[in-house]
Amino acid sequence: MQQRYALFFDIDGTLVSFESHQIPPSAILALTQAKANGHKVFIATGRPPIIITNLGAIEHLIDGYVTTNGALCYVGDDVVTCKAIPQDEARLVVADSIDKQYGIIVIGEKDVAVLDPNGDVDMIFRQHLAVENLNLAKPVEHVLQQRILQITPFFDKDYEAELMARLPGCTSGRWHPAFTDVTAKGADKGEGLLAMAQHEALDPQYTMAFGDGGNDTTMIRRAGIGVAMGNAIDDLKKEADFVTTSVDEDGIRYALSHFGLI
Numbered sequence: 001m002q003q004r005y006a007l008f009f010d011i012d013g014t015l016v017s018f019e020s021h022q023i024p025p026s027a028i029l030a031l032t033q034a035k036a037n038g039h040k041v042f043i044a045t046g047r048p049p050i051i052i053t054n055l056g057a058i059e060h061l062i063d064g065y066v067t068t069n070g071a072l073c074y075v076g077d078d079v080v081t082c083k084a085i086p087q088d089e090a091r092l093v094v095a096d097s098i099d100k101q102y103g104i105i106v107i108g109e110k111d112v113a114v115l116d117p118n119g120d121v122d123m124i125f126r127q128h129l130a131v132e133n134l135n136l137a138k139p140v141e142h143v144l145q146q147r148i149l150q151i152t153p154f155f156d157k158d159y160e161a162e163l164m165a166r167l168p169g170c171t172s173g174r175w176h177p178a179f180t181d182v183t184a185k186g187a188d189k190g191e192g193l194l195a196m197a198q199h200e201a202l203d204p205q206y207t208m209a210f211g212d213g214g215n216d217t218t219m220i221r222r223a224g225i226g227v228a229m230g231n232a233i234d235d236l237k238k239e240a241d242f243v244t245t246s247v248d249e250d251g252i253r254y255a256l257s258h259f260g261l262i
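Printed below as a string of structure tokens:
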């Protein structure tokens, strides 16, 4: 009998093409076949639930979600983990963004706030990444009354290092040149993968993770098999057990076929 695996997929640049903003038909068919063969399918994304709006073609196949880079993980209505940024550090980032005039997305347990003084959030999230539902954003002070799961500030790597030095309770995962995702220390995709495996009574040895960006590094390391997409950053490819073809060159199907899962 074939060993059954738990498969963890990043969304942007892994399942969903940056070019078409769609899941390639080959990936839909591959996941359908993997599921039919008894494997489990999980999402592992930096997106919060409110903006996971591009998976309609495979929603019926998904067993659980690692969202906001591992800060919020759930199966159906069952919350597996929920790790919040320290409140004082969340407020520090918001105050700094107002002072320095860079854009941020603040993700609370229930709502999202957007500060976009330069139009970066609109240009990158709405136009380049085709993110929906940001129009549902609430005032930042309203969201700060909730537990903050993630803050996405729009600045370069140099300023990221400077700010993170002032946030001892946080970690950062960058998957785009223009912004990074800040979560509570201990909240990352790798920890989310392990928490989900424990919750579902799965052996981490039989997990497979697929990613393309810097915020995928921890789950590529933690998974039994780490797969980097052909379009992944070089640092992630160095961490991976296998480098498949790009998302637009049927990379998901190629990897699942390579390992005999379909």
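Numbering (the UniProt record's numbering), first residue to last: 1 to 262. Where is the CB? At the ideal position from N, CA and C, for every residue including glycine. Here the structure is a predicted model, which is why all the values come from computation and not from measurement.
One or two residues paired with residue i in a DSSP bridge
i	result
K40	A6
I104	L115, P153
H21	Answer by DSSP bridge pairing: none, since H21 is not bridged.
F242	V227
F210	F9, V227
F81	Before going further, note that residue 81 is Thr rather than Phe in the sequence given. Bridge partners of T81: C73.
Start-to-end residues for the beta strand (DSSP E) that takes in residue i
i	result
G173	170 to 176
Y65	64 to 67
T180	179 to 184
C-beta neighbour in chain B for residue i, strict 7 angstroms
i	result
A30	Absent from the structure is chain B; it holds one protein chain and no more.
Neighbour-count burial assignment, residue i, 16 or more Cβ in a 10 Å radius
i	result
S20	exposed
E89	buried
E191	buried
K189	buried
K83	buried
Q150	buried
T207	buried
I51	buried
Where the alpha helix (DSSP H) through residue i begins and ends
i	result
T14	Counting along the chain, T14 falls outside any alpha helix (DSSP H), and DSSP gives it neither H nor E.
H60	That residue, H60, is in no alpha helix (DSSP H); it is neither H nor E in DSSP.
residue 306	The shown model of the chain, from 1 to 262, leaves out residue 306, and the question about it has no answer.
A255	251 to 258
Contact test: residue i Cβ vs the ligand ADP heavy atom, cutoff 6 angstroms
i	result
I233	As presented, the structure is devoid of all ligands, the ligand ADP included, so that no description of it is given.
Distance between beta carbons of residue j and residue i, contact taken as under 8 angstroms
i	j	result
N215	G46	5 angstroms
Task: Unbroken stretches of the alpha helix (DSSP H), 4 residues or longer, contained in the segment 117 to 149 - done: For the segment 117 to 149, the full-length alpha helix (DSSP H) segments reaching 4 residues or more read 140 to 143 along the chain.
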